[in-house]
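Student: The sequence shown maps to residues 692 to 812 in the numbering used here.
Think of the CB as a built atom: it goes at the ideal place given N, C-alpha and C, for glycine as much as any other residue.
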Amino acid sequence: MAGRAVIVCDVDGWFGLLEFPADDPDRALRFWSGLLGVELTERGQAEGRGWQSHSAGPAVGIHERGAGPGDTASLPYFTVPDMDAALEQVRGLGGSVIHPGSRWAICRDSEGSPFGLALGS
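1. Return the CA-CA distance between GLY783 and THR770, expressed in angstroms with no decimal places.
2. Which of the three DSSP states is assigned to GLY707 in this structure?
3. Leaving out five residues on either side along the sequence, give the residues of the same chain with a beta carbon under 8 Å from the beta carbon of TRP742.
4. When you compare only the Cα positions, how much space is there between LEU727 and GLN780?
5. Is the Cβ-Cβ distance between MET774 and ALA796 less than 8 Å?
6. Is ALA750 helix, strand or coil when you go by DSSP?
7. In three-state terms, what does DSSP make of GLU802?
8. In this structure, how does DSSP classify GLU755 when only helix, strand and coil are distinguished?
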């Protein structure tokens with residue numbers, strides 16, 4: 692691989708967010724809050740639509756299922772420091788970019804599995 696690799700994960704090596712689309716958001720909120728013992732609160736404008744945990748560790752998010760590429764399955768979102776460089780790296784490693792964005796992107800790995808990228812602060 693030519694060039695410098697982008698560190699995709701947080702410093703701890705964990706993903707930044709695990710996102711679940713929901714047909715019934717209230718039901719999903721009860722389920723995930725009860726199972727994980729975390730409070731999921733409505734997101735702020737910068738976080739997008741839906742609800743999210745804001746406790747220690749990787750965040751868990753829920754949003755109402757729509758028709759977008761992030762609405763068909765649960766996705767891990769990896770935090771990246773530079774979205775353009777990360778998308779270039781995904782393509783260079785044999786993956787594909789399904790939905791590019793400046794703050795969020797949906798990709799597929801070399802085997803076709805979907806995942807998300809989120810621009811870190």
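Tutor: Walking through what the data contain:
1. Indexing the sequence shown from 1 puts residue 783 at position 92. Indexing the sequence shown from 1 puts residue 770 at position 79. Rounded to whole angstroms, GLY783 to THR770 spans 18 Å at the Cα level.
2. Locating residue 707 in the sequence shown gives position 16, counting from the first residue. Coil.
3. By 1-based counting over the sequence shown, the position of residue 742 is 51. So the qualifying residues of the chain are PRO716, LEU720, LEU731, THR732, GLU733, ARG734, GLY752, ILE753 and HIS754.
4. Taking the first residue of the sequence shown as position 1, residue 727 is located at position 36. Taking the first residue of the sequence shown as position 1, residue 780 is located at position 89. Their Cα atoms are separated by approximately 33 Å.
5. Translated into positions along the sequence shown, residue 774 becomes position 83. Translated into positions along the sequence shown, residue 796 becomes position 105. Contact flag set, yes.
6. On the sequence shown, position 59 is the one that residue 750 refers to. Note: ALA750 maps to strand in three-state DSSP.
7. Start at 1 with the first residue of the sequence shown, and residue 802 comes out as number 111. Reduced to three states, the DSSP call for GLU802 is coil.
8. Counted from its first residue, the sequence shown places residue 755 at position 64. Strand.
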